[in-house]
Ligand SMILES: [Zn+2]
């Protein structure tokens, strides 16, 4: 049997053939029909409101890794170029930690990943202003590793 390794897990080539998902990313202000909120806050709010698992929960970071980043962004907000270097260093630590969480998510929530990959399109949404330091771009890359097509970040209409 032909098999392909995807981030520590195996997908059969027969699984890959069906994937036609087109992946965009955007800020939470995006309102298209393919919008998927993948924020931790969004997943928690949905769970609190309905008692159910939010649709975007499998791709949301844990508070353990995301809270230090949120706190740091607030602390260095007015520090200009120094803030940029601090946030870049924090991002370099966050990226492998979040990728490891997604590896676990792929194993635990395989049905949700497969259902997402079977869609024609999705726009992964988060609050972060910089998509290059946001988990939405990591999730997009992981979906591409599963056969999806990356269509990039949508322009922010509020700017
Ligand atoms: Zn984000």
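In this note's numbering, the protein residues as written are 71 to 229. Backbone N, C-alpha and C define an ideal beta-carbon position, used for all residues, glycine too.
Contact set for residue i: own chain, Cβ-Cβ below 8 Å, skip 5 residues either direction
| i | result |
| --- | --- |
| residue 214 | 93 and 220 |
| residue 188 | 88, 89 and 91 |
| residue 201 | 95, 207 and 223 |
| residue 165 | 208 |
| residue 183 | 128, 175, 176 and 216 |
| residue 132 | 110 and 171 |
Residue i CB to nearest heavy atom of ligand 1 below 6 Å
| i | result |
| --- | --- |
| residue 196 | yes |
| residue 204 | yes |
Cβ separation of residue i and residue j, assumed to be a contact under 8 Å, to the nearest whole Å
| i | j | result |
| --- | --- | --- |
| residue 192 | residue 106 | 5 Å |
| residue 110 | residue 130 | 5 Å |
| residue 113 | residue 102 | That pair is no contact at about 20 Å. |
| residue 135 | residue 167 | 5 Å |
Sequence-distant residues of its chain with Cβ nearer than 6 Å to residue i (five each side left out)
| i | result |
| --- | --- |
| residue 70 | Given a span of 71 to 229 for the chain in the structure shown, any question on residue 70 remains unanswerable. |
| residue 145 | none |
| residue 71 | Confidence in residue 71 is poor, its pLDDT being 37 and thus under 50, which makes the residue's placement unreliable; the coordinate value appears in the next sentence. None. |
| residue 195 | 96, 98, 100, 105 and 107 |
| residue 147 | none |
Cut-off 7 Å between Cβ atoms - residues of its own chain near residue i, not counting five sequence neighbours on either side
| i | result |
| --- | --- |
| residue 227 | 99 |
| residue 117 | 123 and 124 |
| residue 159 | none |
| residue 179 | 128 |
| residue 154 | none |
| residue 162 | none |
DSSP bridge partner residues for residue i (one or two, in chain order)
| i | result |
| --- | --- |
| residue 192 | 93 |
| residue 222 | 94 |
| residue 173 | In the DSSP output, where bridge partners are listed per residue, residue 173 has none listed. |
| residue 105 | 193 |
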